[in-house]
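Accompanying notes for the structure given below.
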Amino acid sequence: IENFFKCFQISCQGATSTKTFADFLCNKLSAALPQAVYDKASTDIANEMRSNHPALNGNRSKLESYILKSLAEEENFEKYRQYIHFPRDFLQTFIQKCVNDYCLDKKDRKLQNFLTISLASCQTLILSALRDSTQVVKDRNGNTSLWLDEFCSRLGDVLDFPRSDLKSIEHQETTDIEFLKEAMSKALDPMLQKLKKDFAVTDMEPFQRKPHEILAEHFSGCREKCPFCKAVCTNTIFNHDGDHSVPFHRPQATTGIKLYKTNHLVTDICSSLVASDCLFVLSEDRKIPYRNYRDAGPPFSTWSITPDTSVQPYWKWFVCHFRAELEEQHSGKFEGRGEIASQWKKITKQDVLSELEKQLL
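Position 12, counted from 1, in the sequence shown is what UniProt numbering calls 12; the numbers after and before it change by one each time, with no gaps.
Quick look at the structure:
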């Protein structure tokens, strides 16, 4: 009804119809412009953080090291549990915190700066579209419909401003195209000033596609987890060719694996077990040597687990530090063959943080 009334006004106002026409278009623009600004700001934030943020300016392995560093510093077992069992969700949560810390610091108005720059970019695009569309109509001796065609096409993919939404006014002839351009430019000013004020107090809630979602997608890669220790394949390509793999496996106790018919948690890691004569049990009548783990079929056969008897100090420290929590969570005990080695107990938090720092150099 409101659009119909505006069209009626444009038809009946005679000399003032150009201004009403401009106001009508600006109202349409004011509805589309905020999301265009949010979209550009979101992309710009993600790109800047991929260049400048230490946890996000490398590959996923580097990001994983920063996640492990953060977890060790916090010493929060529940967060470790989330990381081990729901790695994809945890990755997104970690990146979201990085983005919030980067953009929403009240002492450093980064988000407002991004929005201001994005708004200025959209303003430049609109003014350029006004100028160029007007020139085309003058050169071709065209009409209002041609001007709308040119104007909408120049806004392109940046603004959601479909030409089809303007069918109702395309036959309203505006004789002075130059005056239309000036009227549009003048009508834009108050709208842009209002948006600047709105952006000064906003957060990222209105963003349709948030920066952390763009970044999480960039770092997503393969999502397959080791069938034994749940470490996530580090291949950067989703649905990649070839076997899954990780540089470091974890003690199987982190996921609650126990020795057969006992409540003893397994402290061995997958890469040392495939170098041993130990068996893993699929069912009462199907036990397979770890060294022949591929014989178990998918998902075991889709993994490349290289024999290696070393264990990252990080996970040794984790098992020792959260022994009680792991025993409670998995209803098991670090006893018998699962007893924690005395050397593991000597590893300190500072040792594992120093080890991670070396990896990040």
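We put the beta carbon where it would ideally sit given N, CA and C, even for glycine.
| Query | Result |
| --- | --- |
| C-beta contact flag for S128 and R154 at 9 Å | yes |
| Nearest neighbour of I169, chosen from A22, I347, A31 [CA to CA] | A22 |
| C-beta contact flag for K230 and I67 at 9 Å | no |
| DSSP three-state assignment for S283, whether helix, strand or coil | strand |
| Completely contained alpha helix (DSSP H) runs for the region 108 to 191, where each covers 4 or more residues | 110 to 140, 144 to 155 |
| Beta bridge counterpart(s) of L265 as assigned by DSSP | K258 |
| According to DSSP, residues forming a beta bridge with V232 | K225 |
| Euclidean distance between Cα positions of L111 and C103 | 5 Å |
| Inter-residue Cα distance where the pair is T144 and Q92 | 48 Å |
| Local Cβ density within 10 Å of F94, reported as buried at 16 or more and exposed below that | buried |
| I288 - DSSP class collapsed to helix/strand/coil | strand |
| Cα-Cα separation, A296 to V352 | 34 Å |
| Short Cβ contact (9 Å threshold) for R50 with L215 | yes |
| Segments assigned alpha helix (DSSP H), at least 4 residues, entirely inside the region 287 to 318 | none |
| Cutoff 8 Å; reference Q123; Cβ partners in own chain excluding five residues on either side | L188, L192 |
| Alpha helix (DSSP H) segment containing K210, residue limits | Careful: K210 lies outside any alpha helix (DSSP H) and carries neither H nor E. |
| Given 8 Å, three or more beta-carbon pairs between the region 221 to 229 and the region 239 to 255 | yes |
| Integer Cβ distance of H249 from I269, believed to fall under 8 Å | 5 Å |
| Beta-carbon separation (whole angstroms), F38 vs Q208, contact threshold 8 Å | Inspection of the sequence shows that residue 38 is occupied by Tyr rather than by Phe. Correct: roughly 7 Å between the Cβ atoms. |
| Close-in-space but distant-in-sequence residues of the same chain around S121 (CB under 7 Å, 5 per side omitted) | K40 |
| Neighbour-count burial assignment, E74, 16 or more Cβ in a 10 Å radius | exposed |
| Cα-Cα separation between A324 and I340, rounded to whole angstroms | 12 Å |
| Candidates K333, T234, K106: closest to T267 by CA position | K333 |
| Nearest residue (CA-CA) to L180, options D132, S283, E205, E213 | D132 |
| Spatial neighbours of C26 in its chain, beta-carbon cut-off 8 Å, leaving aside the 5 residues before and after | M184, A187, L188, M191 |
| Which residues DSSP lists as bridging residue 379, in chain order | Residue 379 lies beyond the stretch modelled for the chain, which goes from 1 to 361, so this question has no answer here. |
| Rounded Cβ spacing between R337 and L259 (contact assumed at less than 8 Å) | 6 Å |
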